[in-house]
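Residue numbers (the numbering used here): 3 to 271.
First up is the structure itself, then whatever we jot down about it.
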Amino acid sequence: MSVRSPLITIMTRTAEKAARSLKRDFGEVENLQVSRKGPSDFVSTADLKAEKIIREELAKSHPEFGFHGEESGAKEGEEKGTRWIVDPLDGTTNFLHGLPHFAVSIALEKDGQIVAGVVYDPMKDEMFYAEKGEGAFLNDRRLRASSRVRLDGTIAATGTPFKGRGDRAPFLHEINAVMANTAGIRRWGAAALDLAYVAAGRYDSYWERGLSAWDVAAGVLIAQEAGAVVSDINGKAFDVWKSESILTANIDLQPRMVKLFKDALARVK
Ligand code: IPD
Ligand code: CA
Ligand code: CA
């Protein structure tokens, strides 16, 4: 069992407070005001309320830190180079359809490095967290990524393009290759949890294109601290702000997945 640091304690308690608001709203989804950010991209009053709770709660302990939230954007703090990166509700489309699979994601970035991350699933009461160099945990039990290396025994997770988001052409070649070589694919609709599930060894790999920093910042650290490798789909170093794709798997499986996608996309050209 791990003993949570003061920083992780602040982050997990904040995630739990926002989650209480989300769970209340989840029970009355039909009464929520929903607006459209883009084609098939929605934000609800639940997202906005949760982000306000998180921003105010974190400011109580660290008013000097900056804050970058999916819904309220960036606000620099007095301590330059230190900011929270927050997705108050990852899995909004699931949430609005009454699908109980979504999470609160809170990361802390210092001088360009993610140093702490929390991903909390309120419906399953699963608290994933990590601090840089300190390991990854689920409800205070240490996590390790899977050790499966034969592709045909692995499960891959992904995020699929949808109306108005993503490029279907390369994706169809990627998913075709993964279907032909693995034990199956999952698309559960919350990138932060997809990364946390790789850390927990539930998924053996996960890839997606077109994510934002707030979707992945916490989950990337949790996966890395559980022993997974995180890169872009070409195997290049991953940057939460700049990379256009993400691929994570255990250290032996990762190069096999990079080759699988490289060969699949080479057949397109
Ligand atoms: C979305 C989820 C989804 C991913 C989308 C994200 P949101 O986050 O993480 O799994 O495929 O690209 O936008 O919009 O529900 O916070
Ligand atoms: Ca998200
Ligand atoms: Ca969100």
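Just so it is clear, CB atoms sit at the ideal spot from N, CA and C, and this is done for glycine as well.
Computed from a predicted model, the values in this text were never measured in an experiment.
- For H99, no beta strand (DSSP E) segment is defined, and its DSSP state is neither H nor E.
- Take the alpha-carbon of F139 and the one of Q226: they are about 12 Å apart.
- In this structure, V242 sits near A215, with a CB-CB distance shorter than 8 Å.
- Fewer than three Cβ pairs drawn from the segment 231 to 249 and the segment 122 to 129 lie within less than 8 Å of each other, which leaves the two stretches out of contact.
- Per DSSP, G221 lies in no beta strand (DSSP E) segment; the continuous alpha helix (DSSP H) that holds it begins and ends at 215 to 227.
- In terms of Cβ geometry, F164 and S42 form a close pair [threshold 8 Å].
- With a cutoff of 8 Å on beta-carbon distance, K19 and E59 are scored as near each other.
- The chain-ordered list of residues whose CB is nearer than 5 Å to some heavy atom of ligand 2 reads D89, D92, D217.
- Looking at R15, A268, R152, the one whose alpha-carbon comes closest to that of D254 is R152.
- About 5 Å separates the beta carbons of G212 and G168, which is inside the 8 Å limit, making them a contact pair.
- Here the alpha carbons of N178 and K264 stand approximately 13 Å from one another.
- It is roughly 16 Å from the alpha-carbon of D89 to the alpha-carbon of K25.
- Distance from the CA of L267 to the CA of K261, rounded to the nearest whole angstrom, comes to 10 Å.
- Between G40 and I235, the alpha-carbon positions lie close to 25 Å from each other.
- Taking all protein chains shown into account, D113 has fewer than 16 neighbouring C-beta atoms within 10 Å of its C-beta and is therefore exposed.
- The alpha-carbon of L34 is positioned some 29 Å away from that of I12.
- Taking V222 as reference, the option from S148, V120, T162, S7 with the minimal CA-CA separation is V120.
- Note that the C-beta distance between I157 and D206 is below 8 Å.
- A194 is a Cβ neighbour of A105, given a cutoff of 8 Å.
- One thing to note: A147 has its Cβ no nearer than 8 Å to the Cβ of E133.
- The distance from the Cβ of D49 to that of T94 is about 6 Å, consistent with a contact at the 8 Å cut-off.
- Beyond the five residues adjoining it in sequence on each side, A219 comes within less than 6 Å, by CB distance, of I87, A109, I116, V242 in the same chain, given in chain order.
- Beta-bridge analysis with DSSP links S247 to R211.
- With respect to the 8 Å criterion, D92 and A192 are classified as neighbours on the basis of their beta carbons.
- Around S63, the same chain offers I12 as residues with beta carbons nearer than 8 Å, after the five sequence neighbours per side are excluded.
- Counting the other Cβ atoms within 10 Å of the Cβ of G75 gives fewer than 16, which makes it exposed.
- At a threshold of 7 Å, E72 counts as near ligand 1, since its beta carbon sits closer than that to one of the ligand's heavy atoms.
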